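If you're matching positions, the sequence shown starts at 1 in the UniProt record's numbering and goes up one per residue.
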Amino acid sequence: MDIQRAMNSMHTRLKLIAFVHFILIVLALESTWLPSAYLFYNLLYLVALFWAIHCRESIDAVQTCAVINGFSFFFDLMGIISYFPSHGIFSAVFAILNLVIRPFSLLLLQRELSDRGGSFEFGGYDGSGGVGEHPTSYEDIDAPHQQTPSHGQVNVNLFK
1 MDIQRAMNSM HTRLKLIAFV HFILIVLALE STWLPSAYLF YNLLYLVALF WAIHCRESID
61 AVQTCAVING FSFFFDLMGI ISYFPSHGIF SAVFAILNLV IRPFSLLLLQ RELSDRGGSF
121 EFGGYDGSGG VGEHPTSYED IDAPHQQTPS HGQVNVNLFK
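In structure tokens:
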């Protein structure tokens, strides 16, 4: 199997990211020096990854995963700096490896997001975005459809 072709596959990238981070998180938690928050936000990250793997067309799943990954980078950095152990260096090495891999997984998540048709724009804070700007394939069948004339002319004989 060609590695380049596998990395270009949408679902293989997410599975690889989930597998690598899962292994590194488990090995980092082998010791007790990390705070319990490390487990909490990494579990959220893994759940978001599994959500993105399960919902293959969801832009929100990948976007949520990327946001959690971005914040987790800074939380990992603060946790490693604040709680670096005098013993248990084995788990510290894997926590540092997990920290180093996060930017690369963020790049892969950005690629996955663009393959699904999404972007990192959040709600149009610059005034150009907003509801209804990006059309989707969803059609609300409960909403009444208002018919408009195709030529834009009002029927003048209606009021006579």
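Backbone N, C-alpha and C define an ideal beta-carbon position, used for all residues, glycine too. None of these values were measured; they are calculated from a predicted model.
Check, Outcome
"Nonlocal neighbours in the same chain, by C-beta distance under 8 angstroms from L113, ignoring five residues either side", "I59, V62, Q63, A66, S119, F120"
"Any 3 or more C-beta pairs closer than 8 angstroms across the segment 81-88 and the segment 27-39", "yes"
"Alpha carbon of G130 to alpha carbon of F19, nearest angstrom", "Caution applies to G130, whose pLDDT of 45 falls short of 50 and renders its modelled position unreliable; the model cannot decide the point."
"8 angstroms CB neighbourhood of G127 in its chain, flanking five on each side removed", "Note that G127 has pLDDT 46, beneath the 50 cutoff, so the model's placement of it is unreliable and no number is given."
"Start-end ranges of the alpha helix (DSSP H) lying completely within the segment 55-114, minimum 4 residues", "59-83"
"Three-state secondary structure assigned by DSSP to T12", "helix"
"Beta-carbon proximity list for L14, same chain, < 7 angstroms, skipping 5 on both sides", "L49, A52, I53, E112"
"Span separating the alpha-carbon of Q110 from that of F104", "10 angstroms"
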